[in-house]
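Reviewing the structure listed below.
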Amino acid sequence: MIVTRRETLTGRVLLLLLMAITVVPFISLFVTALHPSGTYPAGLSWPDDPQWGNFADAFRSARMGQLLLSSVLIVAGVVPISLLLGTMAGFAFGHLRMPGHRIGFLIFVLGLTLPFEGIITPLYYQVRDLGLLNTRWAIILPLVGLFMPFSVLWMRAHFVTMPDDLSEAARIDGATTWQLFRRVHVPLARPALSSLAILLFLWTWNQFLLAIVLVDDPAKRTMAGALGAFQGQWGTDIPLLCAGSLLILTPTLAVFLIFQRRFVAALLQGSIKG
Amino acid sequence: MTRRHSGAWLGWLFAAPAAVMYAVFVLRPLALTVQYSFYDWNGIGASTWVGLENYTRLFTEPEQFATILHAFELILFFSLVPVLLGLFVAATIRGIAQSRLAMVARTVLFLPQVIPLVAAGIMWSWLLSSTGLANELLSAVGLGRLTRAWLGDFGTALPAVGVIGAWVLVGLCTLLLLAGMSKIDPALYESARLDGAGPVREFFAITLPSLRQEIGVCVTVTIIAALASFDIVYISTQGGPGNSTMVPGLEIFYLAFSEREVGRASALAVVLVILVLACVLPVQRFTRDGSR
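In order, the protein sequence lines correspond to chains S and C.
Under our numbering, the residue at position 109 of the first sequence is numbered 109, and the numbers go up by one with no gaps.
So our numbering is basically just the index in the second sequence, starting at one, shifted up by 1000.
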């Protein structure tokens, strides 16, 4: 490729600048978290006496252990259920192609752009009538429903590319449709499934609106919802708030850094399909 | 014959569980939103049919209508800035897309996408506060008289919220566009260079036309983020000062759960859903037509 030296240099400088803008807020959060609790530190100044204890204080006052457990429980509900239902429906629409599959799929796709605020009011009354308000099911069940359009679309896109011959061969061997699904197609769908799992994990963990509307007790919310409550409680103590925010960020950051390749690929594909 | 017939319909059995969850937790509430929007209801007592009154109030009361205008103003920051900036950056770094620096950048630029928007809101509330980094930088370059509490000032609060959204979305747009550019045949660039085209002509003649689909995706994602914004505004300004940063998402939340105006909240929700579709469908159409 013909690229001049000057262009390469401008490219590097620009990229570094953009990275700096991305990272500075994180650094500011970290530095501020180390200042004595209750102070209003200025800008990006390293404290004379870093207060590492702020993290422990924030961990205790936010009851972080409980929050982590709660978020894990919610994710453990949403992700497997969504994967299973989304894969089954994606298989049906993409591979079995039963009569009326086009219109059925179209109805799912219609939900893709729906803002959660569009249904939050009736959802509140519905969840209340089901007696689920203030339980984790109040977040899990609606989220599964709300994730269906994307999950079905994602899995259908995978199953459409699977050759029909594959199923023919299994059928001749006498496999039922369920066995065909379970033994042949699910194992082959593993890459698509793991990307979808990553996206669903992220969207569940970071879900805020459903958490604050449907669950009053921060200890039964998602991490993001709990962070909202934490801000209400500690909004005036900036260093402690920053320490708490960092703690709440850490799990997603850790998961992101471990699985970064898959994550980046999943997010890029995810926004293309969504 | 009959066996084959029942087999053909079997697919619906596979789709049924997903369809049930989708119907119960999305389609039913959506239908109820439309129904509620025609009533005056406080959520507890009896409801009265008011026809289109909730909608007419929405469009005639300036304060209500302002929330919709705010959402459109946010599109400038959430969509226009990230897409233009993303195009510029991606085009500039295209030549070094395979370098180690660019690999690191892929991870770093994704950080804002991974953290909860709530956390982005908290970080930036602090950066933009009266003693925050933004003001400190301004003072350092001799623009001290411009300093203010950016999120607390009537004139700057909405743009300040927009800056937070732009920060969240610019990395995603850059990487999406860069991924799109890497699919363009390098031979096209080679021949343009041999014809003596500079970076600017190259961009308009080759890069931009080839990126139709990726630009469409960026615009779609960011417009939805702007119109349906909630988390960032809730955390950073709560709609204030006054009503200067009130957006539809937040207004629905307040109307439904603080003011107990379920009917008016639902009317605004219906309008929001329609607005999102009205903005997103033309973009989809534009990009699909191009790819065929």
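C-beta: ideal position from N, C-alpha, C; glycine also.
The beta carbon of S/Leu123 lies closer than 7 angstroms to those of Pro142 in the same chain, with the five residues before and after it left out. Taking all protein chains in view, the Cβ of C/Gly1216 is crowded by 16 or more other Cβ atoms within 10 Å, so the residue is classified as buried.
Under DSSP, C/Asp1040 shares a beta bridge with C/Thr1048.
For S/Gln231, the enclosing alpha helix (DSSP H) covers residues 223-234. Distance between C/Val1283 and C/Ala1269, taken at the CA atoms: about 22 angstroms.
Check the Cα spacing between S/Arg221 and each of S/Ile139, S/Thr161, S/Gly11: the tightest is with S/Ile139. With fewer than 16 other beta carbons inside 10 angstroms of its own, C/Met1103 counts as exposed. Among the residues of the stretch 111-137 of chain S, those with a Cβ less than 8 angstroms away from any Cβ of chain C are Gly111, Thr113, Leu114, Pro115, Phe116, Glu117, Gly118, Ile119, Ile120, Thr121, Pro122, Leu123, Tyr124, Tyr125, Gln126, in the order of the chain. Chain C places no beta carbon closer than 9 angstroms to that of S/Arg102, leaving this residue out of the contacts.
Near chain C, meaning a CB-to-CB distance below 8 angstroms, no residue of the stretch 64-75 of chain S qualifies. Closest by C-alpha distance to C/Val1280, out of C/Ala1018, C/Thr1222, C/Gly1196, C/Leu1085, is C/Thr1222. Taking 9 angstroms as the cut-off, the beta carbon of S/Gly86 is found no closer than this to the beta carbon of S/Trp178. Three or more beta-carbon pairs separated by less than 8 angstroms link the stretch 1172-1181 of chain C to the stretch 1195-1215 of chain C, which places the two stretches in contact. Residues Val79, Leu83 of the same chain have their beta carbon placed closer than 7 angstroms to that of S/Ala197, with the five preceding and five following residues left out of the count. Contact with chain S is absent for C/Tyr1254, since none of that chain's Cβ atoms lies less than 9 angstroms from the residue's Cβ. Under the Cβ distance rule, C/Met1123 counts among the residues neighbouring chain S, one pair being separated by less than 9 angstroms.
Within the model, the alpha-carbon separation for C/Leu1272 versus C/Phe1065 is close to 12 angstroms. No residue range can be given for C/Met1246, since it is assigned to no alpha helix (DSSP H) and is classified by DSSP as neither H nor E. Remark: C-beta atoms of S/Met162 and S/Phe108 do not approach each other more closely than 9 angstroms. Proximity of the stretch 46-53 of chain S to the stretch 198-211 of chain S falls short of the contact definition, fewer than three beta-carbon pairs being nearer than 8 angstroms. Think of a sphere of 7 angstroms around the beta carbon of C/Phe1286: no beta carbon from chain S falls inside it, the nearest being about 15 angstroms out.
For the set S/Leu249, S/Leu202, S/Tyr40, the Cα lying nearest the Cα of S/Val264 is the one of S/Leu202.
Contact residues of the stretch 228-251 of chain S toward chain C are Gly228, Gln231, Ile238, Leu241, Cys242, Ser245, Ile248, Leu249 (C-beta to C-beta distance below 8 angstroms).
Its chain contains Gly1144, Leu1146, Thr1147 as the residues whose beta carbon lies nearer than 8 angstroms to that of C/Leu1138, once the 5 sequence neighbours on both sides are disregarded; these appear in chain order.
For C/Ile1224, the closest alpha carbon among the candidates C/Trp1041, C/Thr1056, C/Ile1075 is that of C/Ile1075.
Setting aside the 5 residues that flank it on each side, S/Met64 is surrounded in the same chain by Leu247, each with a C-beta closer than 7 angstroms to its C-beta; the list follows chain order. Within 8 angstroms of the CB of S/Arg97, the CB atoms of chain C belong to Gly1011, in sequence order along the chain.
Taking C-beta separations shorter than 6 angstroms and ignoring five residues to either side along the sequence, the partners of C/Tyr1055 in its chain run Ala1267, following chain order. In the DSSP assignment, S/Tyr40 falls outside any alpha helix (DSSP H) and carries neither an H nor an E.
When secondary structure is reduced to three states using DSSP, C/Ala1091 falls in the helix class. Inter-segment contact for the stretch 14-26 of chain S and the stretch 1083-1098 of chain C is present: three or more beta-carbon pairs are separated by less than 8 angstroms. Relative to the Cα of S/Arg128, the nearest Cα in the group C/Pro1029, C/Gln1098, C/Gly1095 belongs to C/Pro1029. Minimum Cα-Cα distance from C/Leu1080 among the listed residues C/Phe1059, C/Leu1275, C/Arg1264, C/Ala1226 corresponds to C/Ala1226.
About 6 angstroms separates the Cβ atoms of S/Gly38 and S/Asp237, confirming a contact at the 8 angstroms cut-off. Rounded to the nearest angstrom, the Cβ distance from S/Leu214 to S/Leu133 is 6 angstroms, consistent with a contact under 8 angstroms. Under a criterion of Cβ atoms nearer than 9 angstroms, the residues of chain S adjacent to C/Val1276 are, in order, Thr113, Leu114, Pro115, Gly118.
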